[in-house]
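Residue numbering for the sequence shown follows the UniProt record's numbering, beginning at 1 and increasing consecutively. This report refers to the structure that appears directly beneath it.
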Amino acid sequence: MCSFGLEPGGALPRSLPSSTCRTRLGQHQHVQGSLQESCLGRCLLLELLALLKCVEAEIANYEACLKEEVEKRKKFKIDDQRRTHNYDEFICTFISMLAQEGMLASLVEQNISVRRRQGVSIGRLHKQRKPDRRKRSRPYKAKRQ
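Here it is in structure tokens:
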């Protein structure tokens, strides 16, 4: 029997008068409710704190992953800039510098004379091959009878 005169299941004992039972029942329900609320509140608080720790750990994990991805993206951009080569400006500047120094005409003339000595025509990129004029032997075909 509980301290307030109630059975463990919450039933009223038959020996108590009804007015006393009502008073004790009200007190018991109030104390039992406050105990349940404090226990429930404490359990709920502990669960919420554990959940908060898990969420904070996940947030930290995702922030670290995000930071890694940002760093990776920066590296990719730098590598992309290194791999992208635009030689037009360099070539134009180099040719104009050679012209200012008076070296361009001599280099062009030297290159043309070397090509003439090698037998390469100036307007073509590749040597023109001469056709093969040797007679080729063909295998004999068996005559049909």
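For glycine and all other residues, C-beta sits at the position ideal for the given N, C-alpha and C.
What is the DSSP secondary structure of Tyr62, counted as helix, strand or coil?
helix
Quick one: what does DSSP say Asp102 is sitting in, helix, strand or coil?
Strictly speaking, residue 102 in this sequence is Gly, with Asp absent from that position. Here Gly102 sits in coil by DSSP.
Identify whether Asn86 lies in helix, strand or coil by the three-state DSSP scheme.
coil
For Glu56, which residues in the same chain have their Cβ closer than 8 Å to its Cβ, ignoring the five residues on either side in sequence?
none
Rounded to whole angstroms, what is the Cα-Cα separation between Arg42 and Cys54?
18 Å
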